[in-house]
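J.: The sequence shown runs contiguously to residue 440 in UniProt numbering.
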Amino acid sequence: MIATENDAYQESFQQFQSEQSSTAPAWLAELRQTAMNRFTQLGIPTKRIEDWRFTNVKSLAAKPYRNVQSISLSGGEAEALLEKAKLDESFHRLVFVNGHFVSQWSTEHELPEGAVIGNLASAIREEAGDLQNRLSVETDDEAAAFIALNTAFVNDGAFVEIPDGVTVDHPIHLIFLSVEAGQTASHPRNVIRLGKGSRAAVVETYLGREGEGYFTNAITQVDLDETAFLDHHKLQHEQTESLHIASTHVDQKESSEFRSHYFSFGSLMARNEINLMLDGEQIESTLNGLYMPTGEQLMDCRTRIDHARPHCNTYELYKGILDDKAKGVFNGKIFVHQDAQKTDAKQSNQALLLSDDAVVNTKPQLEIYADDVKCTHGATIGELDENSLYYLRSRGVSKDLARKMLIFAFANDVVQGVEIPAVRQHLETILLSSHGLPDV
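(1) Straight-line CA distance for Val222 to Ile420?
(2) Taking 7 Å as the threshold (C-beta atoms), are Tyr315 and Gly289 in contact?
(3) Between the C-alpha atoms of Ile430 and Val95, what's the straight-line distance to the nearest angstrom?
(4) Please say whether His232 and Val202 have beta carbons closer to each other than 7 Å?
(5) I'd like the span of the alpha helix (DSSP H) that includes His249, first residue to last.
(6) Quick check: the Cα distance between Asn349 and Met299, rounded to an integer number of angstroms?
(7) At a cut of 8 Å, does the stretch 51-65 reach the stretch 77-89 through at least three beta carbon pairs?
(8) Would you grab the beta carbon distance between Ser178 and Thr220 for me? Rounded to a whole angstrom, and I think it's under 8 Å.
(9) Check the C-beta distance from Lys325 over to Ala358 and give it rounded, since I have them as a contact under 8 Å.
(10) Pro421 lies in the alpha helix (DSSP H); which residues open and close that run?
(11) At the level of alpha carbons, what is the spacing between Gln41 and Leu31?
(12) Indicate the three-state DSSP secondary structure (helix, strand or coil) for Asn37 in the structure shown.
(13) Buried or exposed for Lys47, going by 16 or more other Cβ atoms inside 10 Å?
(14) Below 8 Å CB to CB, which residues in the same chain sit around Thr184 once its five sequence neighbours on both sides are set aside?
(15) Could you pull the DSSP bridge partners for Val360 from this structure?
(16) Is the separation between the beta-carbon of Leu194 and that of Ile162 shorter than 7 Å?
(17) With Ile49 as the anchor, note down where its beta strand (DSSP E) starts and where it stops.
(18) Grouping DSSP H, G and I as helix and E and B as strand, with all else coil, what is Val440?
(19) Might you give, ordered along the chain, the residues of its own chain that have their beta carbon closer than 6 Å to the beta carbon of Gly280, omitting 5 neighbours on each side?
(20) Is the beta carbon of Ala200 sitting closer than 7 Å to the one on Val250?
(21) Could you give the C-beta distance for Glu301 and Phe258, rounded to a whole number, given that I count them as a contact under 8 Å?
(22) Taking the DSSP output, what are the residues bridged to Val202?
(23) Are the CB atoms of Thr376 and Lys346 within a distance shorter than 7 Å?
(24) For a quick check, are the C-beta atoms of Leu353 and His307 less than 7 Å apart?
(25) If you draw a straight line from the C-alpha of Ser267 to the C-alpha of Asn56, how long is it?
(26) Report back the beta-carbon spacing between Val336 and Val397 to the nearest angstrom; my notes put them in contact at under 8 Å.
(27) Where Leu230 and Ser256 are concerned, what is the direct C-alpha to C-alpha distance, given to the nearest angstrom?
(28) Rounded to whole angstroms, how far is the Cβ of Val191 from the Cβ of Phe159, which I believe are closer than 8 Å?
(29) Rounded to whole angstroms, what's the CA-CA distance from Ala8 to Tyr369? Just pull it up for me.
(30) Check the DSSP bridge columns for Cys375 and list the partner residues they point to.
(31) Please classify Glu204 as buried or exposed, where buried requires at least 16 other C-beta atoms within 10 Å of its C-beta.
(32) Using the Cβ count rule (16 or more neighbours within 10 Å means buried), how would you classify Thr23?
(33) Who are the Cβ neighbours of Ser285 in its own chain at under 6 Å, not counting the five residues just before and after it?
(34) Under the DSSP definition of a beta bridge, which residues are partnered with Val160?
(35) Of the choices Leu235, Asn387, Asp323, whose alpha-carbon is the least far from that of Gly208?
(36) Please state whether DSSP places Glu212 in a helix, a strand or coil.
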């Protein structure tokens with residue numbers, strides 16, 4: 001860990017702690033300090049760490065990204081970004097600018113009794129939801145530096161708590177906008193809990209202003225009680241000079257179901273991790289993802305599924321479409337514990353290279369300690385099929401249109417897994433407009 005890296009983050013942290021000292025409970029100040037100590041110990045990951053071998057984040061050590069303590073909504077830029085991010089007026093909507101909740105832009109429609117859709121800072125003040133325990137995320141792994149950094153600066157984000165037996169009829173849309181000028185950082189923390197038999201859909205959207213790059217470091221924590229169901233979507237549209245690092249941590253209990261739909265289009269470097277713990281029987285989980293880097297973008301997708309109990313099913317499909325000098329990384333690990341008999345786990349990763357200079361590194365992994373399981377994984381990397389191109393062109397379709405039709409077809413099965421019409425239509429528009437970074 002180099003001195004400039006230490007100085008920049010420590011200075012920002014000390015200022016943050018000082019400004020929060022009058023309002024933060026003692027347990028939170030201690031949690032933040034412990035996390036900062038851990039981040040200082042770990043440092044910015046380097047390529048010598050296996051989990052970061054193909055993803056270079058040294059620019060985070062070289063640039064003094066500063067934490068933004070206040071927000072300004074003047075000038076209209078944030079409001080213009082908000083209009084781009086909106087998907088449907090019927091959605092419950094929580095808006096965050098530079099990591100801070102903006103109540104006047106947020107919309108909460110009528111909710112079932114007991115359901116809470118709000119922001120984390122308010123939940124901390126109101127001592128809701130056992131946050132003292134829930135905000136602690138494991139950082140023993142040497143690759144967990146950014147989890148520690150997020151915890152050090154934890155302050156705001158979404159807080160969603162749905163009681164037993166409750167269905168939230170409209171999707172919950174979490175919008176995160178970065179608008180502050182300069183090299184800024186935000187560290188959103190989202191906490192989502194669904195009680196027994198409850199059901200909800202959540203959409204996370206990340207979007208930012210053009211210009212000098214900023215840094216988003218987000219964590220989403222999900223707890224699903226028995227027979228709960230969550231349909232989770234993430235749309236990453238950060239601007240092309242930004243850095244986006246995020247992780248989602250899901251703990252599932254018996255007979256619960258989690259569906260994840262991840263779509264990555266923006267940022268100079270984006271890394272997204274999803275970690276599932278299947279801590280009960282008869283659990284189902286589906287992880288679908290699509291990443292589409294162009295230019296010199298790098299997109300890194302990582303998943304880990306821990307099958308800890310018997311009779312659970314998981315299905316995973318990730319696809320990448322890479323053009324120009326873009327780079328992609330996929331690492332998917334399925335870990336089957338000794339007690340997890342009758343596991344059924346399927347994983348597929350496919351990448352389409354549209355340029356000779358595009359590169360993808362893929363590493364599907366199975367680690368199995370049970371003997372009565374069905375586990376498969378596969379990875380394919382290739383170019384557009386020449387026979388299919390020839391077939392379309394022989395029927396009067398232009399070369400450019402034929403390419404786009406095949407690209408659309410390759411990506412569309414991931415998109416069609418999205419059941420919310422407004423989200424699916426938004427994604428279809430992106431695919432139809434371009435195979436590169438869209439103007440959303």
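By construction, the Cβ of each residue, glycine as well, lies at the ideal position given by its N, Cα and C atoms.
T.: Here's the rundown:
(1) It is roughly 20 Å from the alpha-carbon of Val222 to the alpha-carbon of Ile420.
(2) no
(3) 23 Å
(4) yes
(5) Per DSSP, His249 belongs to no alpha helix (DSSP H); it is in the beta strand (DSSP E), 243-252.
(6) 14 Å
(7) no
(8) The Cβ separation is near 17 Å, so there is no contact.
(9) 7 Å
(10) 421-433
(11) So the two alpha carbons sit approximately 15 Å from each other.
(12) helix
(13) exposed
(14) Tyr65, Arg66, Asn67, Val68, Asn98, Ser178, Tyr214, Phe215
(15) Gly328
(16) Yes, Cβ-Cβ distance for Leu194 and Ile162 is below 7 Å.
(17) Run containing Ile49: none; DSSP gives neither H nor E here.
(18) Bear in mind that a pLDDT of 37 at Val440, under 50, signals an unreliable position, so the number given afterwards is only what the model happens to contain. DSSP places Val440 in coil when its eight states are reduced to three.
(19) Lys253, Glu254, Arg309
(20) No; because the gap between Cβ atoms is not below 7 Å, this pair is not in contact.
(21) Correcting the residue identity first, residue 301 is Cys in this sequence and not Glu. Actually they do not touch by this definition, with Cβ atoms about 17 Å apart.
(22) Ile172, His232
(23) yes
(24) no
(25) 14 Å
(26) About 46 Å; that fails the 8 Å criterion.
(27) 9 Å
(28) 5 Å
(29) 44 Å
(30) Ala345
(31) buried
(32) exposed
(33) Leaving aside the five residues that flank Ser285 on each side, the residues in its chain whose CB is nearer than 6 Å to its CB run, in chain order, Phe258, Leu276, Thr314.
(34) Ile117, Ile192
(35) That would be Leu235, whose Cα lies nearest to the Cα of Gly208.
(36) coil
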